[in-house]
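Participant: The structure under discussion is supplied below as structure tokens; questions concerning it will follow.
2 protein chains.
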Amino acid sequence: MTHLAPLDAQAQPPTPREAEILDAVRHVFAEKGFDGASMQELARAAGMSVGNFYRYFPSKAAMVEELIRHDLKDVEAHFARVASAPDPLATLRIALAERVRNYAEMCTDAPLRAEITAAALRKPELAIVVGRVEREITTYLVRAFGTATGLDFDTAWQRFAAHARLIVLLVKACTTRLRIGDVDGEALTVLILRQIDSLLDEVAAARPETSRT
Amino acid sequence: MTHLAPLDAQAQPPTPREAEILDAVRHVFAEKGFDGASMQELARAAGMSVGNFYRYFPSKAAMVEELIRHDLKDVEAHFARVASAPDPLATLRIALAERVRNYAEMCTDAPLRAEITAAALRKPELAIVVGRVEREITTYLVRAFGTATGLDFDTAWQRFAAHARLIVLLVKACTTRLRIGDVDGEALTVLILRQIDSLLDEVAAARPETSRT
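Here the protein sequences line up with chains W and A, keeping their order. For what it's worth, our numbering labels the leading residue of the first sequence as 1, then goes sequentially. For what it's worth, our numbering labels the leading residue of the second sequence as 1001, then goes sequentially.
Here it is as structure tokens:
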């Protein structure tokens, strides 16, 4: 995790506690919000002095980038499996359905994600970080679309980048929706999965006739 | 605006500056975040002493409820027009398209909305407030669906509450999406409007054969 190397890495060897530090930071942000969390609190939670902490994270935006990049590794691994599957779109359908269902049931990281989105809309430096990561996720999806349809990346991007973005929005929407009284959560989940399916159907329709199943 | 009456309304007549106070509060929340904004700052922005301010807003959650209820009045007026239109679903389609297009272009209240969503996921007292308001919006939509299809409210709710919720989610998703590099915003907007249309088509299909246009 090169991002977490201290700024003067020559002088001090990298710490082995990165995952622990990120967990502590994640917890404080989720509980206090981006603006409510002070550098003092964040450093204390990570078990570090404020001075030392600043050497790892020059700003709260840098911390957030590290947090979402950490999560992105899971996403990357998922997409690697999708791209190498015999039927990438079918594998993607299953993976997205799992993700929507897990979010709907657990939603443990929903507060942090919502907090990052909100802070990004207020703070341009954070919007750049979040935009960069969202761009990467869109790229993974479009690459999978390209593999599945036989379109080259640029053509796939031109035709289906918006499809990829909307799929990400729908999955994210599941994480932030509040549970309200008597609306049947299961009916909403089914509807969202149906919307995702119809977007993937449109992508699949770009496959040459002979290779369609 | 009865919510804004001071707690001991007998002792003091209601202030005529409510809209001004709400604007000031909205601005501070949008800039500093829910947790970053202190009661002192909020009171100062509203031009009131902290003591007096507490009499109007016993908590930040109470302020947020007042803010979203204020916005809800616009929504209510929109839905009243939809319900009394000759073709409620067609009118709703146009109104939602306008809303999505306006959000995509202006997004001025996106930071505040995202902030409220994020804070609600962290704070149960705020989740109750936001859930109550979202429930009301869902009810307006389902009522419009009932009027359009001739279904009674309970049947319309059972069949289409999830449709209503997803439409709200899609419109909200437009407010929070970040603009990223080369993804064509217009293509995404078109896709979202198409999704909303397909949900409304499903509602329209519940109309008795004879009354379909």
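The C-beta atom is built at its ideal place from N, Cα and C for all residues, glycine as well.
Just to confirm my understanding: we take A/Ala-1144, look at its own chain, exclude 5 residues before and 5 after, and list those with CB closer than 7 Å. What are they?
Facilitator: Mapped onto the second sequence, residue 1144 of chain A falls at position 144. The residues are Phe-1079, Val-1082, Ala-1083, Pro-1088, Leu-1092.
Participant: A/Val-1075 to A/Tyr-1140, Cα distance in whole Å?
Facilitator: Taking the second sequence and counting its residues from 1, one reaches residue 1075 of chain A at position 75. Taking the second sequence and counting its residues from 1, one reaches residue 1140 of chain A at position 140. Roughly 9 Å separates the two Cα atoms.
Participant: Measure the Cβ-Cβ separation of W/Phe-160 and W/Val-203 and say whether it is below 7 Å.
Facilitator: Locating residue 160 of chain W in the first sequence gives position 160, where the first residue counts as 1. Locating residue 203 of chain W in the first sequence gives position 203, where the first residue counts as 1. Yes, Cβ-Cβ distance for W/Phe-160 and W/Val-203 is below 7 Å.
Participant: Tell me which residues share the same chain as W/Ala-127 and place their Cβ nearer than 6 Å to its Cβ, disregarding the 5 neighbours each side in the sequence.
Facilitator: Start at 1 with the first residue of the first sequence, and residue 127 of chain W comes out as number 127. Hits under 6 Å: Ala-120.
Participant: In chain W, which residues lie with their C-beta within 9 Å of the C-beta of A/Asp-1154?
Facilitator: Locating residue 1154 of chain A in the second sequence gives position 154, where the first residue counts as 1. In chain order: nothing, as chain W lies at least about 11 Å away.
Participant: Spatial neighbours of W/Leu-72 within its chain, please: C-beta separation below 8 Å, excluding the five flanking residues on both sides.
Facilitator: What you label residue 72 of chain W is simply residue 72 of the first sequence in a count that begins at 1. Counting only Cβ-Cβ distances below 8 Å, and skipping sequence neighbours, we find Val-133, Glu-136, Ile-137.
Participant: If the cut is a Cβ gap below 9 Å, which residues of chain W does A/Phe-1034 touch?
Facilitator: Position 34 of the second sequence, counting from 1, holds the residue named residue 1034 of chain A. The contacting residues are Gly-33, Asp-35, Gly-36, Ala-118.
Participant: Output yes if chain W places a C-beta closer than 7 Å to the C-beta of A/Gln-1195; else output no.
Facilitator: Reading the second sequence from its first residue, position 195 is the one you call residue 1195 of chain A. At least one chain W Cβ lies under 7 Å of A/Gln-1195.
Participant: Under 8 Å, with one C-beta from each stretch per pair, do the segment 1064-1071 of chain A and the segment 1015-1027 of chain A reach the 3-pair mark?
Facilitator: With a cut-off of 8 Å, the segment 1015-1027 of chain A and the segment 1064-1071 of chain A count as touching, because enough Cβ pairs lie within range.
Participant: According to DSSP, is A/Leu-1151 part of a helix, a strand, or is it coil?
Facilitator: Counted from its first residue, the second sequence places residue 1151 of chain A at position 151. Three-state result, A/Leu-1151: coil.
Participant: I need the straight-line Cα distance from W/Asp-182 to W/Leu-188, nearest angstrom please.
Facilitator: Residue mapping note: residue 182 of chain W aligns to position 182 of the first sequence, counting from 1. Residue mapping note: residue 188 of chain W aligns to position 188 of the first sequence, counting from 1. Interpretation of W/Asp-182 is limited by its pLDDT of 46, a score under 50 that renders its predicted location unreliable; the figure taken from the coordinates is listed afterwards. Computed Cα separation, rounded: 12 Å.
Participant: Select from the segment 67-91 of chain W all residues with a C-beta closer than 9 Å to any C-beta belonging to chain A, and list them in chain order.
Facilitator: Listed in sequence order: no entries.
Participant: Helix, strand or coil for W/Ala-29 per DSSP?
Facilitator: Within the first sequence, the letter at position 29 stands for residue 29 of chain W. First, the residue type needs correcting, since residue 29 of chain W is Phe and not Ala in the sequence shown. Three-state result, W/Phe-29: helix.
Participant: From the beta carbon of A/Glu-1115, is the nearest beta carbon of chain W less than 7 Å away?
Facilitator: Counting from one through the second sequence, the residue named residue 1115 of chain A turns up at place 115. Judged by the 7 Å Cβ criterion, A/Glu-1115 is in contact with chain W.
Participant: Taking Cβ-Cβ distances shorter than 8 Å, what residues in chain W pair up with A/Ala-1187?
Facilitator: Here the question's residue 1187 of chain A lines up with position 187 in the second sequence. Chain W residues near A/Ala-1187: Ala-161, Ala-162.
Participant: Compare the C-beta of W/Leu-126 against all C-beta atoms of chain A and say whether one is closer than 7 Å.
Facilitator: To locate residue 126 of chain W, count along the first sequence from 1; it is residue 126. Not closer than 7 Å to any Cβ of chain A, the Cβ of W/Leu-126 fails to qualify, so no.
Participant: Does W/Ile-196 pass the burial test, meaning 16 or more other C-beta atoms within 10 Å, or should it be called exposed?
Facilitator: Indexing the first sequence from 1 puts residue 196 of chain W at position 196. So W/Ile-196 ends up on the buried side.
Participant: Output yes or no for whether 7 Å exceeds the beta carbon distance between A/Gly-1146 and A/Ala-1162.
Facilitator: To locate residue 1146 of chain A, count along the second sequence from 1; it is residue 146. To locate residue 1162 of chain A, count along the second sequence from 1; it is residue 162. Not closer than 7 Å, so no.
Participant: Report buried or exposed for W/Ala-111, applying the criterion of at least 16 other Cβ atoms within 10 angstroms of its Cβ.
Facilitator: Taking the first sequence and counting its residues from 1, the one referred to as residue 111 of chain W is at position 111. Residue identity check: residue 111 of chain W is Pro in the sequence provided, not Ala. Buried: at least 16 other Cβ atoms inside 10 Å.
Participant: Using a C-beta to C-beta distance shorter than 7 Å, which residues of chain W count as neighbours of A/Ile-1192?
Facilitator: Position 192 of the second sequence, counting from 1, holds the residue named residue 1192 of chain A. Simply Leu-166.
Participant: Could you say which of A/Leu-1170, A/Lys-1123, A/Val-1171, A/Gly-1150 lies nearest to A/Ala-1205 if we only look at CA atoms?
Facilitator: For the purposes of this step, residue 1205 of chain A is taken as the residue at position 205 of the second sequence. A/Ala-1205 has its Cα closest to that of A/Gly-1150, out of A/Leu-1170, A/Lys-1123, A/Val-1171, A/Gly-1150.
Participant: W/Ser-59 by DSSP, collapsed to three states: which one?
Facilitator: Residue numbering aside, residue 59 of chain W sits at position 59 when the first sequence is read from its first letter. If DSSP states are grouped into helix, strand and coil, W/Ser-59 belongs with coil.
Participant: Any C-beta of chain W sitting closer than 7 Å to the C-beta of A/Leu-1121?
Facilitator: Numbered from its first residue, the second sequence carries residue 1121 of chain A at position 121. Chain W, which has a Cβ nearer than 7 Å to the Cβ of A/Leu-1121, makes this yes.
Participant: Specify, as a first and last residue, the run of the alpha helix (DSSP H) that A/Gly-1044 falls within.
Facilitator: Residue 1044 of chain A sits at position 44 when you count from the first residue of the second sequence. It is Arg, not Gly, that sits at residue 1044 of chain A in the sequence shown. Its alpha helix (DSSP H) spans residues 1039-1045.
Participant: Would you verify that the beta carbon of W/Ala-61 is, or is not, closer than 7 Å to some beta carbon of chain A?
Facilitator: One-based indexing of the first sequence puts residue 61 of chain W at position 61. No, because no Cβ of chain A sits closer than 7 Å to the Cβ of W/Ala-61.
Participant: Distance, Cα to Cα, A/Met-1039 vs A/Ile-1021?
Facilitator: Looking up residue 1039 of chain A in the second sequence gives position 39. Looking up residue 1021 of chain A in the second sequence gives position 21. If you take the alpha carbons of A/Met-1039 and A/Ile-1021, they lie about 13 Å apart.
Participant: At which residues does the alpha helix (DSSP H) containing W/Arg-194 begin and terminate?
Facilitator: For the purposes of this step, residue 194 of chain W is taken as residue 194 along the first sequence, with counting starting at 1. It spans 185-204 - the alpha helix (DSSP H) in which W/Arg-194 sits, taken as one unbroken run.
Participant: Going along the chain, which unbroken runs of the alpha helix (DSSP H) with 4 or more residues stay wholly within the segment 1051-1128 of chain A?
Facilitator: 1060-1084, 1088-1105, 1110-1122, all fully within the segment 1051-1128 of chain A.
Participant: Hey, how far is the Cα of A/Pro-1208 from the Cα of W/Arg-207?
Facilitator: Position 208 of the second sequence, counting from 1, holds the residue named residue 1208 of chain A. Position 207 of the first sequence, counting from 1, holds the residue named residue 207 of chain W. Straight-line Cα distance between these residues: approximately 38 Å.
Participant: Using a Cβ-based criterion (distance less than 6 Å to any ligand heavy atom), does A/Gln-1040 qualify as near the ligand SAM?
Facilitator: With respect to small molecules bound, the structure shown includes none, and the ligand SAM cannot be examined in it.
Participant: For a cutoff of 7 Å on Cβ pairs, would you count W/Ala-173 as touching chain A?
Facilitator: To locate residue 173 of chain W, count along the first sequence from 1; it is residue 173. Interface residue, yes.
Participant: What is the DSSP secondary structure of W/Asp-182, reduced to helix, strand or coil?
Facilitator: Taking the first residue of the first sequence as position 1, residue 182 of chain W is located at position 182. Low per-residue confidence applies at W/Asp-182: pLDDT is 46, beneath 50, and the placement is therefore not dependable, though the value from the model is reported in the following sentence. Coil.
Participant: Between which residues of its own chain and A/Phe-1270 is the CB-CB distance below 6 Å, once the five residues before and five after are set aside?
Facilitator: For chain A, the structure presents residues 1001 to 1213; residue 1270 of chain A sits outside this window and is missing.
Participant: Please work out which residues of its chain come closer than 8 Å, Cβ to Cβ, to W/Val-50, disregarding the five sequence neighbours upstream and downstream, and give them in chain order.
Facilitator: Within the first sequence, residue 50 of chain W is the residue found at index 50, counting from 1. Once the five neighbours on either side are set aside, the close Cβ partners of W/Val-50 are Met-39, Gln-40, Ala-43.
Participant: Interface residues of chain W around A/Ala-1110 at Cβ under 8 Å?
Facilitator: To locate residue 1110 of chain A, count along the second sequence from 1; it is residue 110. By Cβ distance, chain W contributes Leu-121.
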